[in-house]
Every structure is written in C-alpha cells, then in structure tokens.
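Chains as they are written, first to last, in the numbering used here: chain A, 48 to 388; chain B, 48 to 388; chain C, 48 to 388; chain D, 48 to 388.
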C-alpha cells in the first residue's frame, strides 16, 4: 500500500501517518517523488484497506497494491483454463453451443428436444428445473424432479447437462443428474450458495450478476476457486442499464476484457439479454466474434406455449441453421485471428 | 389484456388474433377506438403474457391490465401497514432509528454499544453475524454465534434486534435471538430465501436490490406477503449507477413513489449508500424529509478498527447528536406536512 | 390515444373524462373490453399527451398511439436507406470502414496517414478539427484550419472526409471541406445544432448520446430528417453504465434493434467505447457480426504521441490487418446470413 | 505522476520507463516502497496522461497527481462562493427559491404568475423561451421574444430572472433581459456553448448533465471559471439510471459530495427529476435537508393546459404552501446543523 500525501502537507502530518502505521504493527518508508511525499507501508500486506488511514490530515490518496483475485487472474499463469465436461472442452478453442429450453416442462418433450439439439450440433443441454422468477405468481419451475428428467435427456441424447441450482435442496437433487451446476445472475452475489456449489465436485457455470462489475464477477469466481474447485465457466448475460430496447444490455466488450484479466473460459447468453427471438442470431454471431468460448441459447419446440420466456426462444430449426452458421463463422474467425493479434 | 392493432391492419390480421385467442380457450371482443381496432381478451385473465401473441401480423401493442402485486399495493386498502416490533411501531408516524455496527465483533463491545445507542435514542439495534462480502478474503462475519450475542445485547439494552440471514442454517440460528430478519440487497432476488424467511414468523426487513426497479422490489415483498407474512419493512439502500462519487446512488425519490404504490412502511439506510461518514448526516436528514418511516445507521465505537465498512460508521457521539437532530427535524416536518399535502 | 379506466371506476369517472376531452375539442368513444371501460380519443390526434388527463379519478392508464418518429421508422417503407458519399454507399450491403486520427494534428501527418489508410482499405477518412473535451485544460483541437487540412487530405488520398462540427462557426468552416458532418455524442441532444447541421446540404453522421435511449436517438435523427435532409448515418459509440472495465459500454444489441425500428444505416465506433487498443479488434469484429453497416476506427501513426485518446488508437499496420480481416469476415457473414434469417 | 511497477519487474523494465520519460524531456526518481519499485516523474507536470507509458512492460499502474479542477475545487480556499443576483445571494446561507413555468407561454400570464410567485416567497423567476425537446414535433418554446417577456415580468414583479440559452442567437437575445443564464442538462457537455456563455457577464446556472459524473460536472464549471466568470451556480436535476419510477433519479447525495469538493453553490430541481407533481414537495424537502443552497420548482397557473411538462408543475397555491414550509424547515435545519457537524 502506498500513501500519497497532499502537496504542502506538514512534517507533522507525515509523522501522524507513521504513528498510525506503527499502532497497526507496520512501518512506513518515506520517499519524495514527483513533488510529493509518498509513504510505502512495510510489510506490504500489513494494512487491509484504506479505511485504516481515515481521518488523518494531509493524506491525499491511498493506493492499494494487493491483487484482489489471485486465483482468477490471468497474470502469472501459462495459458487459459479448459473446463472439461464429458467430451466437451469449454475454452479449448472450438466454441461450445449450449442449447435447451428455459424451463424443463416434461420428460418426453425434453428428451425429444435434446435429441433434436444433439443432431443440430449442440454440445451441451441446458434447462431449468427451478426458475427464480420476479413474481411469486409466475411459473416457478417443474420442481426437483426436473433434474431427473434432465438426467434422462442426457441418457437419450448423449448431451451433458447444465442446470441452475438455488439452494441446498436443489443442489442435492441436481448433483446426481447434472454435469454443470449453474449459478444464475440473481445469485451471483449469494456467497453462501457459491461456497456450497463449489464443493459439489462439478464444474460451475457462473452467470454475471446483472449489476456486477468485472471485478465483482471475478471475485465471485474467486469464491469457487478458493474452495478448491478450479472448473469455473463465466457467462455474460446482460447488465442492467437505462437502455430499454432490450431486456438487459449485453456487455460484449467484457469478453475481451475478461480474457485479458482472467484465465477462465467465458461464454455468452444472448437469449436472456435481448429478450427477443429476432435479435438472438445477430447477438450470437457478435458474441462469437467478440471472442467468446461458447454460446448459450434458449430453444423451445413451441415457444408460444412455453411456460417461461417463450418470446426469446429459438425454434429447433432456427437453432439448427444458426448452429451451422456459427460453426462456419468460427472457422472464418480462426483464420482471421491468426492474422491480427 | 388489450391488443391494439396497427393502423391499416387487415380484417385477416384481426381474424388471426381471434383464432389464436380461441386456441387458448379465450375469446376476443373487437372495438374501433381512436382510429384503431382494439381487441379485448375475454375472460380478462385468460392469457398470461404478451408472448402468446408473438409473431402475429398487424399487432402493434399488447396492454397487460392485471395488477402484478395485489398484496403489496396500496390501492384498495385503508391506511398503511404498521409493523410492530416489541414496543416499536414501524410506519406508525414516529420515525424509527435503527443503529448498530456493520458486523458483530464480540459480545462485550456489542452490549456496551447497545446500551449507549439505547441511551442516545435508538429504537432498534442492528448488527451482522454473517456478512456477505464481495471477496472471499474479506472478513465474513463472526459466525452463527453472533446471533446469540445480539440476543444478549437485546437483553441488556432492551432494544429489539435486526439481523441479516443468508440461508437455512443462519435462519435457524437467528430465529431464537433476532426480532426482525433482514434480507440483504444481494439476496433480494434470492426467492428461495425469501420464501423460507417469510415462514419464520418474524417481521422481515427487505432491502432493495442494488439493481431492482420499484416493481421488482414490490414483487420481492409479494413473495413474503403471499407466504402469509404481512410484516414487511422495505429499506432503500442505494442503487448502482454510473455516478461514482458515492458507493451507491441513494434513490430517495423512491420513498414518495413507494408510499404512493404500496401500504408497506419504508426506511432508508444512508450509511451503505454514501460509504462516507461525513455525508451520512446530510442523507439521513434528507431521507427523513423525503417521508421515510425510519433511518438505519451504522455506528461503531472505534470505526478505524472496524472489521468491515468502518469508513461509513458514525461514532456513538455523532449518532447521539444526529438522533437528537432527527427527532427535532421530524417534529418540524410533521407540522410542515400538515400544511402541504 | 386510449384511456383505460380502473377496474370498478364509476360512471361519473367516465363522464368526467369525456367532459375533459370535450373541453379540448375532442370526443370519447366508450367500449367495454376485457373487463374494463376503454375510451378512445376521437379524432385520434386531438390530445398531445397523457398530461391532459392528469388528476382525473378512475384513470388507470393512457395509451398513446401516435408514432413518434414517422420519418425515421422502418415500418411502411420499402427497403433501407443508402447514404451515398462520393463513391461510397453506406448501408448498401458492403460494410464501410471509416478510419483516421482522433484529432487532426497537422497537414503533413494527416495527408500521409490518409494515403496509408486508403491503401489499407479505408473507405472514408475521419479526423477532428475541434475536439469537445471534458476538461478546459485538455487539447481542444487544432482549430478551424483543421477542416482545410482534411480537405487537403481528401485531395491527396481520394478518401471522402467525416468531421465533427460544434457550432455555427465550425459548421461554416467545415462545409467547404467535409463530406459528412458529424454530430458527436455530447451534442446529440443539442437540437439547436441538429437543425443547423440538417440544412447544410451534407450527409450527417449522428452519434448516439452516451445516455440516449433508442427512441431518443431516433428522435434526434427525426430532427435532421424533418428539416429535409434524408442522409442520416447513425453511429453507436457506447453508453454510460456502471460497468467500469471500458470507457463506455458498447451496446451492440442496439444494432439489430435499430435495424428493426429504422431504415437508416447504422455504424459502430468501437474505439471510443472500449478505450483500449487491445480490445478494439474484438469489438470491431463483433460489431460487424451484429449487422453494422460500417465500422469507425481511430488510427494514429504514433499513438503514444497523440494529442488526444492515443490509448485507443490502432497503429496503421494494425488497421491494415484488421481491415483485411473484416473484409473476410463480412464475406463469411454474408453467406451465413443467407442461411439464417 | 507516479509509476508503480509490477511485483517482479526487471531492472530493464525500469530502465525502459526512465528512457521513455527522457524522450519526453522528463526524468524519473526511483524508490523502493512497500515491496514495489515506484518511479516519480520529475518535474511533476511533465507528462499529461498515463497514455505516455502505454505498452511498456512491467508497468502496473500510473497514478496521476495533478488536480483536474483547480478553480472549482474547495481545497485551498477560504469559505464558499456566494453568487449575487440583485438582492438575492445564492450560497449565502438562506436557501433561495426559484419558481416559474417550464416554458414562457405569453406575456400576460407570465407577468401575472410572477407577481403571485413573488408574493408567495419566490426569490427568482424561471421560465424557458426556447425549450430543447426530444422530439421535433413537440412545442419548441415561444421563441426569442420570450426573453423580452421575462424582462417584462421582472419589471412588474421585481424578481430577477433565470432562463436557458441554447446558442449564440439566444444568448444574444437573452443578455438584455435575463439575470442568470442557464445551461441545461442536455448542453452541459456543449463546451462551445459554455465558453460563450461564460463571457456574457452574467451568473451562470449550470445544470448537471443527466449522465455526468461529479468530476465532469466540475470540469464543465471549470470551463466557465477558466474563462473569467466566477459566478457559477450548480444545479442537480436527476441522472439517468435503470430506475423507471421517476423520469430521472434525483442524486441528492451529490449535494454533500459537491459541497466537500467545490466552493460553488449548489441547488436542486426536483420537478424535472421526479416528473410527477405529487412527489415534488417530498423531494424539495429532502433537497433542502441534504444541504442544497436553493430549490428550483416548476409552477404553472393551469398545469393541464401547459404546453410542456405540465404533469410536474405545482399550482401557485401549492407553491405558496410549499415555500412557507421550506422556510420553516430551513430554520429547523439551521438549528440542527449547529448541533451536528
């Protein structure tokens, strides 16, 4: 930690800072740099935050040097993390396509759709057994039995399964049938849940909170990593802004930003962000072009009858066409990326 | 639900809408109003959302008429709700003052502070046993034993106690010692938790999520009300915006807005929103002037040594002075409110 | 305009609405639809806004039906607008590449860069003579002579020129030398300027304000269109949000949204939005993939010496590589778009 | 400027930074502080921004020390600025009440309202001759003759007049009749206008842009101050956020924040922010309680007939009651502020 003193501070101001540091079993190294007195805290990690210097006259700024996310950051690591789910490698170069209904609505429909999606090129199946809904009067999901149905759909289609968990009961039920445990945007700040999910021995798909900064998102990942689970997939799904033309504002520029900051793979969910089926293909293409390691798409055999979020779901044939297109685009981008760094 | 057709739609467009409604066991009443064809869905609640009309040519707009929060809304009710906690009435006209440390740090310090706060005019004691922190490396709270300490502080001070719960285990531990169960801003969208807290037989203090609209906040309250718990206290604590001069942007205009929309009492937490001790008194005054039913303030006997959020905590003597001032201000506002509606 | 009455309103409430309408030389048509009384205002455009009904008991909602942007909207038009600038067609299918320095810094450097950009595949040259800077102490641009330098660079390179104007004096100076007049994000709401620029007889590049909704952006375009100038190019350049990892949040999902809503061509400026050179290529690719009609990029021969925004400028060789890549990507997207609607 | 090197950087990294500084006619002072190599730039102001160090290996962070708003900042000044307008002192302790219609609609109505407002306790009259409206089809103001009408209303009422200017023509017309020149929120970033207004020899009321940070707002004030005009009144009028219950989110916590940062007086406009008459009194009270030096209110004799923003205008009798109340509240706050710092 560095303490930059104001222009024109008094020697007494400097002494009082040193005294405060000594009260906290630290010491201060003083240097004159760029016309200012700068005090370095020694040893470096002795003081946790800038609050410790509160109220001291003459202090202009406190510069914290410690890295807040030592496990999620890219710096100091060789290469990026690949999360392996069955035969699927998330972050391994080839973008993964995750597809399925917003909510599981029944075993037969789910199994049938899963087979269709597999044939159309999906790598993973998504589907919610429990749905966190803004209103208590909205459909809350089919319940814990939905996880079993997802397990059945995995059997018949061969697709590994991603599904959201909300609490201990759902985590318990999901563990048996689900390959990747999803923590939804509304629970990204639910640290009690993050700690429990981390210990479940499954890869975790961590959606960005609708109001989370990149830094907070990495810290949420840090909760999982710190608990000993290295298999974290980040997922951008739109942030909340004033801009009302879409449900959320898909922040695609976070993709290159987080690829610089973290070694973890990052995928994008354009369905929830746009909220309109007609705009999903454009944003899926854009997500891939921004460097995402995968795309997560809602697909429903009959969106008009969907129990939740039907308006944003693609039809199976639309997914098949988009999947083919995204594969072609990915190849085009690969050759492009070889040209420009 | 009303379906407004585009200017110049064809009779076939109207027929297709009616057909769609009939597929859903509803019917459509057609009227020509203001140069447009308007279709009323009959019976009124037959169709859940606008998605059901997706993809139909000629539809310009769907107007949903159902009230999304029948239990939280003010309309149709006599008077506003008063939440009773021991001798304290939240929403009963006299503003309540809730004060205490961000985190419980030890039994003795807490009991001593509680007595001081009681003497200074506090109505309720606040304190966190578990702290949801952005970083896994920050102090996470003293643990479940903190609830017992709060119970002890209640005994010695006579102040009823408010404390946050995070999951089933903390809810279980808190029930015995805590008078008001707090759901924090980061958990406002954690509907699994809301349902469990609602059934614990205690008043609930529901903080507004940092990204929640007024509508979503009322829906979160609706989860508690719908589960049979009528004792909900709303708490504004700042929303996330681009404006970086404070930790969050305290949205005081939500106070008159929610007083129009809901019968539930609403309090304000200026400590978390501003993040700086020096600005807390101004915003506490402003919150009271905006019509809040209470103010929640962080107080710490030695903020520089606080294990979390010390920078925003008032000193006990600052609290005492502010409490006296707020009482005087409240009296001035009462006479003022009699003059202007 | 439709007036939806509350459930349970009285006949007197309805009568008072009709009376109010009659005071304003309009009338009301009453229908019972979906369990509510709905009143249509006749003639349709008689009442400008919902304010006219303020304070009337029993009114639940006022639905305004008039289209707010009759000239910018897509509905009712055949095809999309192509803005022709010399040999360049913006919105004509082939994406345009606009490149150049943030600020004009001197004639020779500009002419040399323009020739390099032309050779590398740029379609238009950009450069600011006057720079609206947040601080009065920052470089404010080379001044009105910069427009002449741009004209000279046009001559030597053959590239048409885009440059921002700020007021009458700069508009006067720019008209002689500049092909496309840019209204910057900070002036999108400067309607006095929009009206003057509209009448200058040049295509207008209208940047989205950093806080503008899609609707407000279209209304700003409407100012230009309504003044008789049909040649408007929209430009997304990032909006202001809480998300601090980039200077602004590039709202790429506005591209498909505005292509649905408006017939005007839309381009994207990823340089200002991201603020970091390293992330510009990813966002340029994503912008193209989202459906943009063009990309606007900052390029500087020596970004470290740039007088403004050097940190986000590409080097000429980076631009050349990116331009080649974007051309290849565009071809890949074209074949893709033929497959998926 | 300080350059903090990464943990583990090489001596060559340090040398390259020093070389870069020397290329820019500066030098570097090296110190080891808190486990890091820190380089101070000498002389202090030699390098304008962090961009100059871009691309250098081993640089972790650049800390800019120069104060960006030397004229607007509070530090180093005795007391706060009082802006004198006739007999009225803005920032002089007694809060000023500014009232009037959104738009000037005619001479007689304006003069009559001005007399009423004067009698009710207003200190200044506000009214727009030209209205910057989002839509070209909305009422754009009565035109330049409106300034003359305001001058006439000043004569008959004795109230000094505040009115917005949009460009050179309106500035010219306003100078003769208007006491305080207002720069509206949409023009806060219009630096060309700020420079012209600054030189008009009148106090300037500078509204905060709806997307402006505190820092940018102070920089806009710095444009006026730097041009030699010390009489700047800041005005908070709401920022744009996701929170849709009000037109804008009134950021009252900016009042204590800017009082700490700047010596300029600050007032609040609750009418534009809330957008609803019923919530204006609560927010006017709150604004006063937050420490504002004045309140700006829209008043209209017949809001339902108002040509713009009638929905948020108070009736004259509502203003009279609110003015009396705010005076009483101000007295209560004065005694309160003496108690608590």
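From the three backbone atoms N, C-alpha and C, an ideal C-beta is built for every residue, glycine too.
Assuming residue i is part of the alpha helix (DSSP H), what are its boundary residues?
| i | result |
| --- | --- |
| residue 163 (chain A) | 154-167 |
| residue 196 (chain B) | 192-204 |
| residue 65 (chain D) | 58-70 |
| residue 271 (chain A) | 261-273 |
| residue 111 (chain C) | Element bounds for residue 111 (chain C): n/a, residue is neither H nor E. |
| residue 243 (chain C) | 238-245 |
| residue 331 (chain D) | 327-336 |
| residue 304 (chain C) | 301-308 |
| residue 320 (chain D) | 317-321 |
Hey, quick one: how far does the beta strand (DSSP E) through residue i stretch, first residue to last?
| i | result |
| --- | --- |
| residue 84 (chain C) | 83-89 |
| residue 80 (chain A) | 74-80 |
| residue 124 (chain B) | Element bounds for residue 124 (chain B): n/a, residue is neither H nor E. |
| residue 283 (chain B) | 279-283 |
| residue 49 (chain D) | 49-52 |
| residue 147 (chain A) | 143-147 |
| residue 55 (chain D) | First-last for residue 55 (chain D): undefined, no H or E at that position. |
| residue 345 (chain C) | 341-345 |
Report back the beta-carbon spacing between residue i and residue j to the nearest angstrom; my notes put them in contact at under 8 Å.
| i | j | result |
| --- | --- | --- |
| residue 230 (chain A) | residue 241 (chain A) | 6 Å |
| residue 380 (chain B) | residue 369 (chain B) | About 15 Å; that fails the 8 Å criterion. |
| residue 87 (chain B) | residue 75 (chain B) | 7 Å |
| residue 336 (chain C) | residue 144 (chain A) | Actually they do not touch by this definition, with Cβ atoms about 16 Å apart. |
| residue 342 (chain A) | residue 353 (chain A) | Not a contact, Cβ separation roughly 20 Å. |
| residue 260 (chain A) | residue 257 (chain B) | The pair is not a contact, with the Cβ atoms about 11 Å apart (cut-off 8 Å). |
| residue 215 (chain D) | residue 215 (chain C) | 6 Å |
| residue 319 (chain B) | residue 285 (chain B) | 6 Å |
| residue 198 (chain D) | residue 208 (chain D) | 7 Å |
Per DSSP, which residues does residue i bridge with? Please list them.
| i | result |
| --- | --- |
| residue 136 (chain B) | B:131 |
| residue 439 (chain D) | For chain D, the structure presents residues 48 to 388; residue 439 (chain D) sits outside this window and is missing. |
| residue 229 (chain A) | A:211, A:252 |
| residue 258 (chain C) | Residue 258 (chain C) is not bridged to any residue. |
| residue 151 (chain A) | Looking at the DSSP assignment, residue 151 (chain A) forms no beta bridge with any residue, so it has no partner. |
| residue 314 (chain B) | B:282 |
| residue 361 (chain A) | A:346 |
Where the region 89-103 of chain C meets chain B: residues whose CB sits under 7 Å from a CB there: Cβ contacts with chain B: 89, 91.
Compile a chain-ordered list of the residues in the region 190-224 of chain A whose CB is closer than 7 Å to at least one CB of chain B. Against chain B - using a Cβ distance shorter than 7 Å - the residues of the region 190-224 of chain A are 213, 214, 215.
Taking 8 Å as the threshold, find out whether the region 59-68 of chain A comes into contact with the region 323-339 of chain B through three or more Cβ pairs. No, because fewer than three Cβ pairs between the region 59-68 of chain A and the region 323-339 of chain B fall closer than 8 Å, the two stretches do not touch.
Relative to chain D, which residues along the region 246-278 of chain C have a C-beta separation below 7 Å, given in chain order? Identification of residues in the region 246-278 of chain C having a C-beta nearer than 7 Å to some C-beta of chain D yields 257, 258, 263, 266, 269, 270, 273, given in sequence order.
Counting Cβ pairs, one atom from each stretch, are 3 or more of them under 8 Å apart for the region 174-194 of chain A and the region 136-156 of chain A? With three or more CB-CB distances shorter than 8 Å, the region 174-194 of chain A counts as touching the region 136-156 of chain A.
Near-chain D residues of the region 303-326 of chain B - C-beta to any C-beta below 9 Å: Listed by position, the residues of the region 303-326 of chain B near chain D (Cβ gap below 9 Å) are 303, 304, 305, 306, 307, 308, 317, 320, 321, 323, 325, 326.
Along the region 54-78 of chain D, where does the CB come closer than 7 Å to a CB of chain A? Name the residues. Taking 7 Å as the cut-off between beta carbons, the residues of the region 54-78 of chain D near chain A are 76, 78, in sequence order.
Give the residues from the region 276-299 of chain A that approach chain D closer than 7 Å (Cβ to any Cβ), ordered along the chain. For the region 276-299 of chain A, which is checked against every Cβ of chain D, the residues closer than 7 Å are 287, 288, 289.
Between the region 286-303 of chain A and the region 114-123 of chain A, are three or more C-beta pairs nearer than 8 Å? Contact fails: fewer than three Cβ-Cβ distances are below 8 Å.
Any C-beta of chain D within less than 9 Å: which residues of the region 352-383 of chain B qualify? For chain D, the residues of the region 352-383 of chain B that bring a beta carbon within less than 9 Å of one of its beta carbons are 365, 368, 369, 371, 372, 373, 375, 376, 378, 379, 380, 382, 383, in chain order.
At a cut of 8 Å, does the region 168-182 of chain B reach the region 260-270 of chain A through at least three beta carbon pairs? Contact between the region 168-182 of chain B and the region 260-270 of chain A is present, because at least three Cβ pairs lie under 8 Å.
Name, going along the chain, the residues of the region 227-243 of chain B whose beta-carbon falls closer than 7 Å to a beta-carbon of chain A. Those residues of the region 227-243 of chain B that come within reach of chain A (Cβ to Cβ, closer than 7 Å) are 233, 234, 236, 237, 238, 239.
Say whether the region 200-207 of chain A touches the region 234-248 of chain A, bearing in mind that this needs 3 or more beta-carbon pairs closer than 8 Å, one atom from each stretch. Because the criterion of three Cβ pairs below 8 Å is not met, the region 200-207 of chain A and the region 234-248 of chain A do not touch.
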